[in-house]
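Chemist:
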Amino acid sequence: MGTRSAVMSLSPLPLEALMPLSRAADLVQLLERWVDRGWLRALDKAFVGFLHELDPHADPLVLLAAALTSHQLGHGHVCLDLFETLKAPDFALSLPPEGDLQTGAMLLPSQLLEGLDGAHWCHALAASHLVALAVDGSESAQSRPLVLSGKRLYLRRYWTYERRIDTALRLRLATQERVAADLPQRLDSLFDQPPPDGVIDWQKLACALATRGAFSIVTGGPGTGKTT
1 MGTRSAVMSL SPLPLEALMP LSRAADLVQL LERWVDRGWL RALDKAFVGF LHELDPHADP
61 LVLLAAALTS HQLGHGHVCL DLFETLKAPD FALSLPPEGD LQTGAMLLPS QLLEGLDGAH
121 WCHALAASHL VALAVDGSES AQSRPLVLSG KRLYLRRYWT YERRIDTALR LRLATQERVA
181 ADLPQRLDSL FDQPPPDGVI DWQKLACALA TRGAFSIVTG GPGTGKTT
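Heads up, the sequence shown stops at 228 in the UniProt record's numbering, and the numbers go up one at a time, no gaps.
1) Going residue by residue through the UniProt domain "RecBCD enzyme subunit RecD N-terminal" (37-154), where are the continuous beta strand (DSSP E) segments of at least 3 residues, counting only ones entirely within it?
2) Going straight from the alpha carbon of THR211 to that of TRP34, what length do you get?
3) So is ASP166 buried or exposed if we call it buried at 16+ other beta carbons inside 10 Å?
4) Between the Cα of LEU187 and the Cα atoms of LEU31, THR85 and GLN203, which residue gives the shortest distance?
5) Let me confirm a value: TYR154 is counted as buried when at least 16 other C-beta atoms fall within 10 Å, else exposed. Which label applies?
6) Less than 6 Å between C-beta atoms, sequence neighbours within five positions excluded: which residues of the same chain meet that for ASP90?
7) From PRO80 to LEU209, what does the alpha carbon distance come to, in whole angstroms?
8) Express the C-alpha separation of VAL48 and HIS57 in angstroms, rounding to a whole number.
9) So what does DSSP say about GLN193, is it helix, strand or coil?
10) Please report how far the alpha carbon of residue 234 lies from the alpha carbon of LEU93, in whole angstroms.
11) What does GLY213 pair with, by DSSP beta-bridge criteria?
12) Should the segment 69-78 be called in touch with the segment 131-141, which here means at least 3 C-beta pairs below 8 Å?
13) Does ARG164 come out as helix, strand or coil in the three-state DSSP assignment?
14) Do CYS122 and LYS151 count as a contact pair if the criterion is CB distance below 8 Å?
15) I'd like to know whether the C-beta atoms of VAL62 and LEU125 end up nearer to each other than 8 Å.
Next comes the structure, spelled out in structure tokens:
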């Protein structure tokens, strides 16, 4: 009898019976259906399963945020802005084109998060054993897989990457390079076609300014000479 009950409890519940933000197991079932539809990657759902194993009592709001953060990473976004997500929750998934006949038969993030306040979401994350606050430098915080920085949620690895880049950039920005005495001659040799009178050679000026520091950013639209 006990075995039969256990098997029955693993059976997918009807969509209308799911309580994804009250029961973590229901959220996992919903994520599985999102994966079946192609709205979420299997990797994202597996990540949530890993977090649920780490903390079986995790708040479903935390697990949902983790799923969306992981999915956004797959689209090149290093974090999930919680407040921006609440403005248009469905954009956090790979939803089908508008008009897909199956869309109406599935719970969407916009339905799950309807009425949720961003501050409440942040509070739920900050209270989780799975989440470290960005300002927490304790040893225990370093082992938590998620990092909350203000209103942005990161996977630990990518938060660490951003901190490394931030540190390197700050170090370079604080470094003043010695300008070579023969810089004008060097620039003249590189830009040997002087512009017409009254016209500024912006490429030459940009190169001159770049020699003053240890870090520069080259920007400009197509045809502006970024690579020449």
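All residues carry an ideal CB built from backbone N, CA and C; glycine is no exception. On a predicted model such as this, the values are computed, not experimentally measured, just so you know.
Modeler: So, from the listed chains and residues:
1) 79-81, 131-133 and 146-149
2) Position 211 of the sequence shown, counted from the first residue, corresponds to residue 211. Position 34 of the sequence shown, counted from the first residue, corresponds to residue 34. Taking the straight line joining both Cα atoms gives about 52 Å.
3) Here residue 166 refers to the residue found at position 166 of the sequence shown. ASP166 should be labelled exposed.
4) By one-based count along the sequence shown, residue 187 stands at place 187. When each option's Cα is compared against that of LEU187, the closest is GLN203.
5) Along the sequence shown, read from residue 1 onward, the residue named residue 154 stands at position 154. Flag for TYR154 reads buried.
6) Walking along the sequence shown from the start, residue 90 turns up at place 90. Counting only Cβ-Cβ distances below 6 Å, and skipping sequence neighbours, we find LEU108, PRO109 and SER110.
7) As a working note, residue 80 is residue 80 in the sequence shown. As a working note, residue 209 is residue 209 in the sequence shown. Just to set this straight, residue 80 is Leu in the shown sequence, not Pro. Cα to Cα, the separation comes out at about 36 Å.
8) By 1-based counting over the sequence shown, the position of residue 57 is 57. By 1-based counting over the sequence shown, the position of residue 48 is 48. Their Cα atoms are separated by approximately 13 Å.
9) Position 193 of the sequence shown, counting from 1, holds the residue named residue 193. Correct three-state label for GLN193: coil.
10) Because the chain is modelled from 1 through 228, residue 234 falls outside the range shown and cannot be assessed.
11) Within the sequence shown, the letter at position 213 stands for residue 213. DSSP output for GLY213 lists GLN176 as bridge partner(s).
12) no
13) Residue numbering aside, residue 164 sits at position 164 when the sequence shown is read from its first letter. Correct three-state label for ARG164: helix.
14) In the sequence shown, counting from the first residue as 1, residue 151 sits at position 151. In the sequence shown, counting from the first residue as 1, residue 122 sits at position 122. In this structure, CYS122 lies closer than 8 Å to LYS151 by Cβ.
15) Along the sequence shown, read from residue 1 onward, the residue named residue 62 stands at position 62. Along the sequence shown, read from residue 1 onward, the residue named residue 125 stands at position 125. Yes, they are a contact pair.
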